[in-house]
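**Student:** In terms of this note's numbering, the numbers along the sequence shown are unbroken and rise by one, the last being 250.
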Amino acid sequence: MAMNVPLEVALDPLIAEAHRRARRRWLLTALIVLVAVIGGGGTTAAILASHSSYGATRPVGNALAKSPLVGAGSTQPGVLAQLGVPTIVRFVPGGIFAIAVIVTNKASAPVTLEAVRANLPSRTPLHQIGSRLLAFKQFVCPPGESCPFIDPIGQSPYGAERPLPLTVAPGHQGLARLDFRFASCWSRSLRAGATVRTVTLLYRSPDGAAIDQHLRLGTSVPQITGAPARPTCRS
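#1: How about Thr-138 and Ala-209: do their beta carbons lie closer than 8 Å?
#2: Among His-187, Lys-121 and Gly-99, which has the Cα closest to the Cα of Ala-115?
#3: So Leu-252 and Leu-128 are supposed to be a Cβ contact under 8 Å. How far apart are they, rounded?
#4: With 16 other CB atoms within 10 Å as the buried threshold, where does Thr-247 fall?
#5: On the premise that Lys-81 lies in contact with Gly-233, defined as a C-beta separation below 8 Å, what is that separation, rounded to the nearest angstrom?
#6: So for Ser-137, helix, strand or coil by DSSP?
#7: State yes or no: is the C-beta of Ala-198 within less than 8 Å of the C-beta of Pro-140?
#8: Figure out for me which residue from Phe-151, Gly-76 and Cys-156 has the closest Cα to the Cα of Ala-224.
#9: Do you know how far the Cα of Gln-143 is from the Cα of Val-118?
#10: With H, G and I counted as helix, E and B as strand and the rest as coil, what does DSSP make of Val-211?
#11: To the nearest angstrom, how far is the alpha carbon of Gly-93 from that of Pro-158?
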C-alpha cells in the first residue's frame, strides 16, 4: 500500500545534499583562489625583488670590469709625484705607496672578492706588501656645487694587511687596494715595463667556486720616475 509523503518532506534530503555539495564547491573554489593568491603573490614578490634597471653583460666567470677611475696614496712625501692619469711615483728607497683598482660586477649574481695580487715583472723595484678590499660608490658632486676631492683609496698607513672578503652585488662596485714598497736600493736602470700592469683578483661565485680573473690596469698603471743615476746597492 502506497503512502502519501508530503512533498516538502521528500525534498528535504535532496535539498540538504545540494547544500552539502554547494559548500564543498565553495570550499574548493576558495582553496583554489587562496593557492592562486599565494602563488601569484610569491611570483610577484620574486619579480619585484629581481627587478632592476641593471642588466648583466658578463658571466660569473668573467664578472669584473675595471673602472677608469684612479686612486693613489703614499705614506711619505716625495713618493707620489703625480695623482691622476697617469699616476706617477718617484723611486724613493724603501718608500711605500698604494694604488686603487675599482671594479664593477657585471654579472647577474653577487661575487665575493677575497684577494688581489699584482703581477710584477722579474726586474722591478716594487714589492707588494699588502692589500685591502673596500666597498666603493662613486661620489657625484651636485650641479653648481663646489665639492672637495674625495680620494677613494682609504686611509694610510699602507702595509701588510690581510684583506677581509667583500661581497659585490650585481651592478655594484668594489675597490681593491694594492700596497707597495720600493726596494731599499736599486742597481739597474728603471725601464718603463718595470711597473705593475696587470693584477689578479680572486673571488667566489654564489656556489662557492673559486675564480681567478686577470685585469689590465690601463690608466691605473703607475709610472716610475726618479731612477738613480748610479747603482745604489753595494755588491
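In this text, a Cβ means the ideal position worked out from N, Cα and C, and glycines have one as well. None of these values were measured; they are calculated from a predicted model.
**Tutor:** Here's the rundown:
#1: For the record, residue 138 in the displayed sequence is Arg; it is not Thr. Contact check for Arg-138 against Ala-209 passes: the beta carbons are separated by less than 8 Å.
#2: The residue with the shortest Cα to Cα distance from Ala-115 is Gly-99.
#3: Absent from the model: residue 252. The displayed extent of the chain is 16 to 250, so no value can be given.
#4: Using a 10 angstroms sphere on the CB of Thr-247, the tally of other CB atoms stays under 16, which defines it as exposed.
#5: Going by Cβ atoms, the distance from Gly-233 to Lys-81 rounds to 7 Å, so yes, they are a contact pair.
#6: Ser-137 sits in coil when the DSSP states are folded into three classes, being neither helix nor strand.
#7: Yes, they are a contact pair.
#8: If we check each option's Cα against that of Ala-224, Gly-76 comes out closest.
#9: Computed Cα separation, rounded: 19 Å.
#10: Of the three classes helix, strand and coil, the one that applies to Val-211 here is coil, per DSSP.
#11: C-alpha of Gly-93 to C-alpha of Pro-158: approximately 35 Å in a straight line.
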